[in-house]
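2 protein chains.
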Amino acid sequence: MKKAVILLSGGLDSTTCMAVAKHEGYELYPVSFDYNQRHKRELELAKEVAAYFDAKEHRVFTIQNVGGSALTDPSIDVPEYEGDGEIPITYVPARNVLFLSYALGYAEVIGAEAIFIGVSAVDFSGYPDCRPEFIDAFQQVVNVGTAAGVKGNSIKIETPIINLSKAETIKLGLKYDTPYHLTTSCYNGGEKACGVCDSCVLRLKGFKEAGAEDPVAYV
Amino acid sequence: MKKAVILLSGGLDSTTCMAVAKHEGYELYPVSFDYNQRHKRELELAKEVAAYFDAKEHRVFTIQNVGGSALTDPSIDVPEYEGDGEIPITYVPARNVLFLSYALGYAEVIGAEAIFIGVSAVDFSGYPDCRPEFIDAFQQVVNVGTAAGVKGNSIKIETPIINLSKAETIKLGLKYDTPYHLTTSCYNGGEKACGVCDSCVLRLKGFKEAGAEDPVAYV
Chain Z
764 MKKAVILLSG GLDSTTCMAV AKHEGYELYP VSFDYNQRHK RELELAKEVA
814 AYFDAKEHRV FTIQNVGGSA LTDPSIDVPE YEGDGEIPIT YVPARNVLFL
864 SYALGYAEVI GAEAIFIGVS AVDFSGYPDC RPEFIDAFQQ VVNVGTAAGV
914 KGNSIKIETP IINLSKAETI KLGLKYDTPY HLTTSCYNGG EKACGVCDSC
964 VLRLKGFKEA GAEDPVAYV
Chain F
764 MKKAVILLSG GLDSTTCMAV AKHEGYELYP VSFDYNQRHK RELELAKEVA
814 AYFDAKEHRV FTIQNVGGSA LTDPSIDVPE YEGDGEIPIT YVPARNVLFL
864 SYALGYAEVI GAEAIFIGVS AVDFSGYPDC RPEFIDAFQQ VVNVGTAAGV
914 KGNSIKIETP IINLSKAETI KLGLKYDTPY HLTTSCYNGG EKACGVCDSC
964 VLRLKGFKEA GAEDPVAYV
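Chains as they are written, first to last, in this note's numbering: chain Z, 764 to 982; chain F, 764 to 982.
And the structure:
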C-alpha cells in the first residue's frame, strides 16, 4: 500500500488533506509539531483526527522555538485580522521549511511516496511559505538533496488545496467526510474560538460561503 | 556588525567555515545539533570551537531522530571506507535540509545576512545534500519562502569550501588559524579517532596532501 506523510496541525486545511490522502488510497502517516505554539490545543485535536482516519502512525516532533512570532512568543499579542497584504506578526520564521524537512526525513525512512501539506495561496494570511513558488522550490530540494530523489524516485509534495478558497476547501472536505468538529483554527487556542484573529475570520467566511455550518464553538 | 549563522558540527569543515566567517568580519552565531548522532562527542568540541572564536551566541538544537542511518541507529554499524560512488549507509535522511531549516529560522529572527555551511562536493562521502545543486535549491527556498526573501533582503547560503578538496580546505583553515586540535571527524565518536571510517580516511588523506600534521589522536 502506498504511503503518505501528512502535515497535520489539527486545523481545517490539514484535516481536509488527511481526507484527500485517504480518498486517494494512501496509508496515512500524519506528523504534527510542538513548536511552543500558543494554540497548542491543536495537538490534542490532531491526535483525535489521526485516530478518526485510522492512521498507521502519528508522530509528534518537538521543535525548539526561536521566537520572533506572535504565535510562539507569549509577549507578542495575536492581532485582529487586518488583511492589508503585509506579512503579519503571526508569521513563524521558516515554519513550513522546518515542518517539511521533518516530514521529508520521516518520509525517506518509511519509504513514503508523497508528503501532503495543506497550504493555500487563496484565502491565506500572506505567509510566503504557503505559496506555490515555495512549494516548487522545496520540491527541487527534495529532488536533488535526498537519496530518494537522486535515485529517481523522488517524494512528491502534494498540495491538494493550494488553489482552493477556504469555501472550496470546506466543500471538498465535506464531500470526503472530513471531521471538522475535531478541528481547531483559532490562533489564541482557547476552548472556544475567538472569532476575530486572521485564522478565525477566514474560517468563518469559508463556512458561510460554502453554505455550511461551522461545528466548532465560538466565544 | 553583520551577523552570520554557522552550522558548526565541531568537525574540520565547519570549523574552517567559522574561521572564514570571522575573517570576513561577521559576528558569529554558530548552531549545532543533537540528533542522536553516534559521534555526539562533537557537541562538546563545538562548544570549545565556539568559545575559541568568541562567538556571540551558540545554540544547540535537539532534533528527534527518525532513524534509517548508521550515524543515528546504534543497531547499524558504521562501515569502513568504500568510496564506490554509492550513497553510504551513514547518509542521514534530510539532515542538511533540517540543519539549514533551523539555521534559517534563527537567522531570520536575529537578522543575520548569511548562513555558512561547510559542505564540500570534492572529497565527500557522496551525500546528495552536500552538492551545489542542493545548495542552489535551498537558496531558492530561502528567497521565496521567507519574509526576508520576499522583502528583497534574502539570507545568503555561504559555502566557502564547496569546491575545495580536503587538503585545500585544511590549507585555507591553517591560513586563518583554525583550531584543528579542537575538531573531531570520526563517525565512531571515540576519544581517539578510528582512522578507518569514511570521515577519518578523508581527513587523514587531506592532512597528508596539505603537508600538515593532524593534531588529533588516532587509535
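Backbone N, C-alpha and C fix where the C-beta goes; we use that ideal spot for every residue, glycine too.
In the DSSP assignment, residue 979(Z) falls outside any beta strand (DSSP E), carrying neither H nor E. Bridge pairing for residue 825(F): 797(F) [DSSP].
Not a single CB atom of chain F sits nearer than 8 Å to the CB of residue 881(Z). Taking a contact as a CB-CB distance under 8 Å, the pair residue 812(Z) and residue 867(Z) does not count as one, their CB atoms being some 22 Å apart. For residue 770(F), the enclosing beta strand (DSSP E) stretches over residues 766–770. The three-state reading of DSSP puts residue 806(Z) in helix, counting H, G and I together. Residue contact check for residue 772(Z) against chain F: no CB pair falls below 8 Å. Across the structure, residue 941(Z) and residue 902(F) are spaced so that their CA atoms are roughly 36 Å apart. Per the coordinates, the alpha-carbon of residue 888(Z) lies some 22 Å from the alpha-carbon of residue 945(Z). By the beta-carbon neighbour count (other beta carbons within 10 angstroms, threshold 16), residue 906(Z) is buried.
With a 10 Å radius around the Cβ and a threshold of 16 neighbouring Cβ atoms, residue 915(Z) comes out exposed. The beta-carbon separation of residue 897(Z) and residue 796(Z), rounded to 17 Å, does not stay under the 8 Å limit for a contact. If you draw a straight line from the Cα of residue 935(F) to the Cα of residue 943(F), it comes to about 12 Å.
Just measuring C-alpha positions, the residue of 766(Z), 765(Z), 767(Z), 782(Z) sitting nearest residue 773(Z) is 782(Z). Only residues of its own chain outside the window of five on either side were considered, and among them 871, 917, 918 have a CB closer than 7 Å to the CB of residue 911(F), listed in chain order.
For residue 819(Z), the three-state secondary structure derived from DSSP is coil. A straight-line Cα-Cα distance of about 16 Å links residue 827(Z) and residue 820(F).
In terms of beta-carbon proximity, residue 800(F) stays away from the interface with chain Z, with every pair separated by 8 Å or more. Residue pairing by DSSP puts residue 960(Z) in a beta bridge opposite 843(Z).
A straight line joining the alpha-carbon of residue 810(Z) with that of residue 802(Z) spans about 14 Å. Cβ contact annotation for residue 977(Z) (same chain, cutoff 8 Å, sequence separation greater than five): 943, 966, 967, 970, in chain order. At a cut-off of 8 Å between C-beta atoms, residue 864(F) counts as an interface residue with respect to chain Z. Residue pairing by DSSP places residue 878(Z) opposite 768(Z), 920(Z) in a beta bridge.
Beta-bridge analysis with DSSP links residue 791(F) to 767(F). At a cut-off of 8 Å between C-beta atoms, residue 892(F) counts as an interface residue with respect to chain Z.
Here the alpha carbons of residue 779(Z) and residue 860(F) stand approximately 27 Å from one another.
Sequence-distant partners of residue 963(F) (beyond 5 residues in either direction) whose C-beta falls short of 7 Å from its own C-beta, in its chain, are 948, 949, 956, 957. Pairwise C-beta distances place the region 872–891 of chain F out of contact with the region 878–887 of chain Z, as fewer than three of them are shorter than 8 Å. Rounded to whole angstroms, residue 840(F) and residue 953(F) show a C-alpha spacing of 14 Å. In this structure, the CA atom of residue 875(F) is about 43 Å from the CA atom of residue 973(Z).
Not one beta carbon of chain Z lies nearer than 8 Å to the beta carbon of residue 916(F). Under a criterion of Cβ atoms nearer than 8 Å, the residues of chain F adjacent to residue 912(Z) are, in order, 891.
In terms of CA proximity to residue 894(Z), 920(Z) leads the group 920(Z), 816(Z), 789(Z). When C-alpha distances from residue 939(Z) are compared across 787(Z), 764(Z), 766(Z), 769(Z), the shortest belongs to 787(Z). From the listed residues 930(F), 850(F), 794(F), 817(F), the smallest Cα separation to residue 865(F) is found for 794(F). Rounded to whole angstroms, residue 775(Z) and residue 883(Z) show a C-alpha spacing of 11 Å.
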